[in-house]
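**Student:**
In the numbering used here, the protein residues as written are 590 to 845.
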C-alpha cells in the first residue's frame, strides 16, 4: 500500500502536489494540532507593508489554509483536482509555475485594493478551474447533482455554491481568482495571437531550469495545448534534468 501511494505521488503533477500537500499540512497544523495560529497566516496589508520586519510569508501562507473540519479534506481535494487538471494543460512545468505566481499576485492586488479578502485558497482553486475549463471543448459536459452543464460553466457553478453555502463575500473573494486567470489568458494567449503583440508573461529560462533542466539554444517554441498561439519558451535539451524532474515525472496516473 505504501509503495502504491508513493508511486501515485511521484506520478502526480509536481507543482500541484506540492501546493496541495502544503495546503493540507498547514490546515492540519492550524485546525487539528494547534501548532500554528491563523493570526499568523491570513493576508493583511498592515502586517506586510506597515510593520517591521515585514511579515512577507503572509503573501504565500494566505493561499495555503482551507476551511476547518471537513474543509481540510474537501478543499484540499478540489484544489488538487483543479490544479492538476490545469497543470496538464501546460506543455512545461515552468509555465504552470509562472501561471500560479501570476494569478496569485493578481489575487493579492485585487484583494488589497478592492475586495478585502484574507484567505485565498478558494480564489486560487477558481483560477485553476477557469483556466483548464477554458481549454476544454464547449461540448464537454460535467454532472452537478441532477443537472448536466457544459464544463466551461464549472467556475461559475463553483461561485454560486460558495455564495449559497458560505456567503456572497466569500464568492467575491473567489471571483478574484477568475479575474486573475482571465487576465493571464488575455495577456499570454489573446494579445500575442490576435493583436500580434508579445507575450509579456513569458517564462524565464532559469525557471524552466528549476523544473526541466537547461534550455537548448535555438530549440523550437512550444505550443500551449488548446491555443492557437505559441509561447516564447523553448523546449529543453534532452540531456539535462531539472531539480524537480528528479523528484517525479509529473505524468498523469496510468500514463507511460
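Every residue gets a Cβ at the ideal spot worked out from N, C-alpha and C, and that includes glycine. Remember, it's a predicted structure, so these values are computed and weren't measured experimentally.
1. In this structure, how does DSSP classify residue 732 when only helix, strand and coil are distinguished?
2. Quick check on residue 739: does DSSP put it in helix, strand or coil?
3. Near residue 613, which residues of its chain fall below 6 angstroms by C-beta distance, leaving aside the five closest residues on each side in sequence?
4. Give the secondary structure of residue 639 by DSSP, where H, G and I count as helix, E and B as strand, and everything else as coil.
5. Mind reading off the beta-carbon distance from residue 638 to residue 709? Whole number of angstroms is fine, and I expect it under 8 angstroms.
6. Hey, residue 669 and residue 609: beta-carbon distance below 8 angstroms or not?
7. Check whether the segment 683-700 and the segment 743-750 touch, using three or more Cβ-Cβ pairs below 8 angstroms as the test.
8. Taking residue 740 as the reference, give the member of 706, 801, 725 with the closest Cα.
9. Applying the criterion that 16 or more other CB atoms from any shown protein chain within 10 Å of the CB defines a buried residue, is residue 640 buried or exposed?
10. Which same chain residues, not among the five before or five after residue 722, have their C-beta less than 7 angstroms away from its C-beta?
11. Buried or exposed for residue 671, going by 16 or more other Cβ atoms inside 10 Å?
12. Could you have a look at residue 786 and say whether DSSP puts it in helix, strand or coil?
13. Could you work out which residue in 620, 684, 625 is closest to residue 660 when comparing CA atoms only?
14. So, are the CB atoms of residue 763 and residue 748 less than 8 angstroms apart?
15. Measure the beta-carbon distance from residue 766 to residue 727 and round it to whole angstroms, keeping in mind my assumption that it falls under 8 angstroms.
16. Spell out whether any CB of chain C is found under 8 angstroms from the CB atom of residue 752.
17. Drop a sphere of 10 angstroms on the beta-carbon of residue 604, count the other beta-carbons inside from all chains shown, and report buried for 16 or more, exposed for fewer.
18. Roughly how many angstroms lie between the CA atoms of residue 658 and residue 623, to the nearest whole one?
19. What is the residue span of the alpha helix (DSSP H) that residue 677 lies within?
20. To the nearest angstrom, report how far apart residue 686 and residue 753 are at their CA atoms.
21. Checking 8 angstroms against the spacing of the C-beta atoms, do residue 703 and residue 631 come in under that value?
**Tutor:** Reading from the atomic positions:
1. Translated into positions along the chain shown, residue 732 becomes position 143. Taken through DSSP and simplified to helix, strand or coil, residue 732 comes out as strand.
2. Numbered from 1 along the chain shown, position 150 holds the residue referred to as residue 739. Correct three-state label for residue 739: strand.
3. Reading the chain shown from its first residue, position 24 is the one you call residue 613. Correct list, in chain order: 665.
4. Along the chain shown, one-based indexing puts residue 639 at 50. Note: residue 639 maps to coil in three-state DSSP.
5. Against the chain shown, residue 638 aligns to sequence position 49. Against the chain shown, residue 709 aligns to sequence position 120. Incorrect: roughly 17 angstroms between the Cβ atoms, too far for contact.
6. The sequence position of residue 669 within the chain shown is 80, counting from 1. The sequence position of residue 609 within the chain shown is 20, counting from 1. Their beta carbons are under 8 angstroms apart, which means residue 669 touches residue 609 by this criterion.
7. Here the segment 683-700 does not lie against the segment 743-750, with fewer than 3 beta-carbon pairs under 8 angstroms apart.
8. Numbered from its first residue, the chain shown carries residue 740 at position 151. For residue 740, the nearest C-alpha among the options comes from 725.
9. By one-based count along the chain shown, residue 640 stands at place 51. Counting Cβ neighbours within 10 Å, residue 640 comes out exposed, since fewer than 16 surround it.
10. As a first step, residue 722 must be located in the chain shown, where it is residue number 133. Only 740, 741, 743, 744 meet the Cβ criterion.
11. Along the chain shown, read from residue 1 onward, the residue named residue 671 stands at position 82. It counts as buried.
12. Position 197 of the chain shown, counting from 1, holds the residue named residue 786. Coil at residue 786, not helix or strand.
13. For the purposes of this step, residue 660 is identified with residue 71 of the chain shown, where counting begins at 1. Residue 660 has its Cα closest to that of 620, out of 620, 684, 625.
14. In the chain shown, residue 763 corresponds to position 174, counting from 1. In the chain shown, residue 748 corresponds to position 159, counting from 1. Taking 8 angstroms as the Cβ cut-off, residue 763 and residue 748 qualify as a contacting pair.
15. Within the chain shown, numbered from 1, the residue matching residue 766 stands at position 177. Within the chain shown, numbered from 1, the residue matching residue 727 stands at position 138. Contact doesn't hold; Cβ gap of about 22 angstroms is too wide.
16. The structure shown contains no chain C, having only a single protein chain.
17. On the chain shown, residue 604 is found 15 positions in, with the first residue counted as 1. The residue is buried, with at least 16 neighbouring Cβ atoms inside 10 Å.
18. What you label residue 658 is simply residue 69 of the chain shown in a count that begins at 1. What you label residue 623 is simply residue 34 of the chain shown in a count that begins at 1. So the alpha carbons of these two residues sit roughly 13 angstroms apart.
19. Here residue 677 corresponds to residue number 88 of the chain shown, with the count starting at 1. Residue 677 -> alpha helix (DSSP H) spans 660-677.
20. Against the chain shown, residue 686 aligns to sequence position 97. Against the chain shown, residue 753 aligns to sequence position 164. When rounded, the distance between both Cα atoms is 32 angstroms.
21. Stepping through the chain shown from its first residue, residue 703 is reached at position 114. Stepping through the chain shown from its first residue, residue 631 is reached at position 42. No, Cβ-Cβ distance for residue 703 and residue 631 is not below 8 angstroms.
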